[in-house]
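Each remark here refers to the structure printed beneath this line.
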Amino acid sequence: GEPKLHIIDISNTLCTQWPTLLEALATRNDDTPHLKLTVVVTANIVRSVMKEISQRMEKFARLMGVPFEFNVISGLNHLGQLTKEALGVVEDEAVAVNCMGALRRVPVEGRAAVIGMFRSLGPKVVTVVEEEADFSSTRYDFVKCFEECLRFYTVYFEMLEESFTPTSNEKLMLERECSRGIVRVLACDDDQDNEGERERRERGSQWSERLKEAFSSVGFSDDVVDDVKALLKRYKPGWALAQPYQNETGLYLTWKEEPVVWVSAWKP
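With the first letter of the sequence shown counted as 1, position 160 gets the number 160 in the UniProt record's numbering; the numbers rise by one all the way through.
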């Protein structure tokens, strides 16, 4: 029922999920709200790509009859450089923050500050999606870090092998990115690694402890869980959803019963 919505999208999904939201807003029974979408780019994405995405999103919004504004914030090495002022948040907007695979690129010592900045925006909801691995607490112990790296990427490569054809360009691209990720985790000290490339993943339980300092967790409804389970049936057997362990929050996407992705929702 909010007249103005402001979504802050911090991810590398290139806005692929937002056309579905535009369709949903266009079919609401009450007045169609004004939607502002601010995309924060921390990866090395070519400007021409974001310009094309902007044009397509604006065209689709016009087609759906949804008042729409699209903004891009780029040139950041990591989220620690992001400010409330740069995001252009206005008091009469209902703010939602979507943070997908981005928090792990924030230096470990700066994560509390970034989460605090999210809190200062006064959001209605914050969604966080991260891969389930601990490259943070193990970063000063090479053997433990190697063991965790082996565990995580063994599952990842097995999933790629069974989900794509051997000559799939997407599979090859993901494998190359994984290879670079392994090098960054095992062969680069934090002070040697490029700020924008550092990815110190943490487990869902670790992120939960950090986020609880500023937010309260929001559970997922049975309808949402059922919809995701139905969607997973379209993919290769092996994918499933798992509930969190005791005293944890969110949901886990699992591959052959091994948690690989953690998703959660939070409110102030």
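Cβ atoms here follow ideal geometry from the backbone N, Cα and C, with glycine treated the same way.
Classify residue i as helix, strand or coil using the three-state DSSP reduction.
i: Asp9; result: strand
i: Lys4; result: strand
i: Asn98; result: strand
i: Val261; result: strand
i: Lys171; result: helix
i: Glu248; result: coil
i: Leu14; result: coil
i: Ser136; result: coil
i: Lys236; result: coil
i: Lys267; result: strand
i: Val106; result: coil
i: Leu186; result: helix
i: Arg176; result: helix
Taking the continuous beta strand (DSSP E) assigned at residue i, which residues delimit it?
i: Val72; result: 68-73
i: Tyr252; result: 251-255
i: residue 328; result: In the structure as shown, the chain begins at 1 and stops at 268. Residue 328 is therefore absent and cannot be evaluated.
i: Glu91; result: That residue, Glu91, is in no beta strand (DSSP E); it is neither H nor E in DSSP.
i: Cys131; result: Correcting the residue type first, residue 131 is Glu in the shown sequence and not Cys. Looking at the DSSP string, the run of the beta strand (DSSP E) that includes Glu131 is 125-131.
i: Leu241; result: 239-242
i: Val218; result: 216-218
For residue i, collect the residues of the same chain with a Cβ closer than 6 Å to its Cβ; drop the 5 residues on either side in sequence, then sort them by chain order.
i: Val40; result: Ile10, Ile73
i: His6; result: Lys36, Glu93, Val95
i: Val108; result: Ser136, Arg200
State yes or no: is the C-beta of residue i within less than 8 Å of the C-beta of residue j?
i: Cys99; j: Val128; result: yes
i: Leu64; j: Leu22; result: Inspection of the sequence shows that residue 64 is occupied by Met rather than by Leu. Yes, the Cβ-Cβ distance between Met64 and Leu22 is below 8 Å.
i: Leu82; j: Thr38; result: no
i: Leu14; j: Val66; result: no
i: Phe164; j: Glu170; result: yes
i: Pro19; j: Phe68; result: no
i: Lys160; j: Leu150; result: The residue you asked about is not Lys; residue 160 is Leu in the sequence shown. Contact: no.
i: Val90; j: Ile8; result: no
i: Gly110; j: Ala214; result: no
i: Phe70; j: Ser48; result: no
i: Gly238; j: Glu132; result: no
i: Glu52; j: Pro33; result: no
Terminal residues of the continuous alpha helix (DSSP H) containing residue i?
i: Leu150; result: 142-163
i: Leu232; result: 222-232
i: residue 303; result: Examination of residue 303 is not possible in this model, given that the chain is present from 1 through 268 alone.
i: Ser120; result: 111-120
i: Leu76; result: Careful: Leu76 lies outside any alpha helix (DSSP H) and carries neither H nor E.
i: Leu25; result: 18-26
i: Leu211; result: 204-211
Tell me, to the nearest whole angstrom, how far the beta carbon of residue i is from that of residue j; I am working on the premise that it is less than 8 Å.
i: Arg210; j: Ala112; result: 7 Å
i: Arg104; j: Glu130; result: 6 Å
i: Gly122; j: Asn12; result: Contact doesn't hold; Cβ gap of about 26 Å is too wide.
i: Val155; j: Val263; result: Actually they are not in contact, since the Cβ atoms of Val155 and Val263 sit about 17 Å apart, beyond 8 Å.
i: Tyr252; j: Ala242; result: 4 Å
i: Ser208; j: Thr167; result: With 8 Å as the limit, Ser208 and Thr167 do not qualify as a contact, their Cβ atoms being about 40 Å apart.
i: Val114; j: Cys145; result: 23 Å between Cβ atoms; not a contact.
Leaving out five residues before and five after residue i in sequence, what residues of the same chain have Cβ atoms less than 8 Å from its Cβ?
i: residue 272; result: No information on residue 272 is available, as it lies outside the stretch 1 to 268 that the chain covers here.
i: Asp134; result: Glu148, Arg201, Glu202, Arg203, Gln206
i: Ser120; result: Lys84
In chain order, what residues of the same chain have a beta carbon less than 7 Å from the beta carbon of residue i, not counting five sequence neighbours either side?
i: Ala240; result: Leu232, Thr254
i: Val218; result: Val125, Ala265, Trp266, Lys267
i: Lys256; result: Gly238
Quick one: does residue i have its CB under 8 Å from some CB of chain C?
i: Gly75; result: Annotation note: the requested chain C is absent from the structure, which comprises a single protein chain.
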